[in-house]
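Colleague:
In our numbering, the protein residues as written are 3 to 188.
1) Can you give me the C-alpha to C-alpha distance between residue 109 and residue 146, rounded to a whole angstrom?
2) Out of curiosity, what's the CA-to-CA distance linking residue 114 and residue 41?
3) Does the Cβ of residue 163 have 16 or more other Cβ atoms within 10 Å, making it buried, or fewer, making it exposed?
4) Run the CB neighbour count on residue 15, radius 10 Å, all protein chains shown included, and call it buried at 16 or more, exposed below.
5) Please classify residue 61 as buried or exposed, where buried requires at least 16 other C-beta atoms within 10 Å of its C-beta.
6) Suppose only complete runs of 4+ residues qualify. What are the alpha helix (DSSP H) ranges in the region 96-184, listed by chain order?
7) Comparing alpha-carbon positions, which option in 137, 176, 187, 99 lies nearest residue 158?
8) Can you name, in chain order, every residue of its own chain whose Cβ lies under 6 Å from the Cβ of residue 25, other than the five neighbours on each side?
9) For residue 149 and residue 85, which I take to be in contact (beta-carbon distance under 8 Å), what is that distance rounded to the nearest angstrom?
10) Take residue 131 as the anchor and find which of 90, 122, 79, 95 has the nearest alpha-carbon.
11) Looking only at C-alpha atoms, which of 154, 126, 93, 111 sits nearest to residue 135?
12) How big is the Cα-Cα spacing for residue 93 and residue 48?
13) Is the beta carbon of residue 44 closer than 8 Å to that of residue 57?
14) Helix, strand or coil for residue 82? Go by DSSP, reduced to three states.
15) Could you compute how far the alpha carbon of residue 54 sits from the alpha carbon of residue 103?
16) Could you give the DSSP three-state label for residue 46: helix, strand or coil?
17) May I have the straight-line CA-CA distance separating residue 118 from residue 101, to the nearest angstrom?
18) Report back the beta-carbon spacing between residue 82 and residue 69 to the nearest angstrom; my notes put them in contact at under 8 Å.
19) Residue 51 and residue 176 - do their beta-carbons sit closer together than 8 Å?
20) Counting C-beta neighbours from all protein chains within 10 Å, is the total for residue 20 16 or more, i.e. buried, or is it exposed?
Written out as structure tokens, the structure reads:
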């Protein structure tokens, strides 16, 4: 019996950590996003994502990508966040070279500094997240990216842009909660 209790707690810990590594990395707790969601499917039929039905949402596609853009236009920019969920055709190797290339790109092209990043499993797929911060225009700005390798030559990117200084952690956690509604079609 004494061995059964530690084994039970270890199993619970492993299941909870494995269930949502991304939320664990950002200490997200008690984020409720389940009210009035609408499910969107990208044009090329690679994924579904749930977004609040009162958000402005646009879909885009071309030969090599398919995207869902969403924003809560009922709030000020500094109180909300912008989401971009995209399927892309192309090779993606999630390794140290990719991490370095992404950090250099964020620093050099967007003039942001990486705050936190890591390799994880998301939706049972190899993935990499990067949170970078800096300024964009007159606003402090956080740029959150999640890359999910879905096949040999395809991947999904989930990004959130957070402007301003208030409730940044909460808005990133809300973004993650919406990302967790992703369903990959295949």
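All C-beta atoms, glycine included, are put in the ideal place defined by N, C-alpha and C.
Being a predicted model, the structure only gives us computed values, none of them experimental.
Modeller: So, from the listed chains and residues:
1) 14 Å
2) 32 Å
3) buried
4) For residue 15, the predicted structure reports a pLDDT of 41, less than 50, and the residue's modelled location is therefore unreliable. The matter cannot be settled from this model.
5) exposed
6) 98-112, 170-181
7) 187
8) 178
9) Not confirmed; about 15 Å, so no contact.
10) 122
11) 111
12) 16 Å
13) no
14) coil
15) 33 Å
16) coil
17) 11 Å
18) Not quite, the Cβ-Cβ distance comes to about 19 Å (not below 8 Å), so this is no contact.
19) no
20) Only weak support exists for where residue 20 lies, its pLDDT of 44 falling under 50; the value from the coordinates is given anyway. Exposed is the call here.
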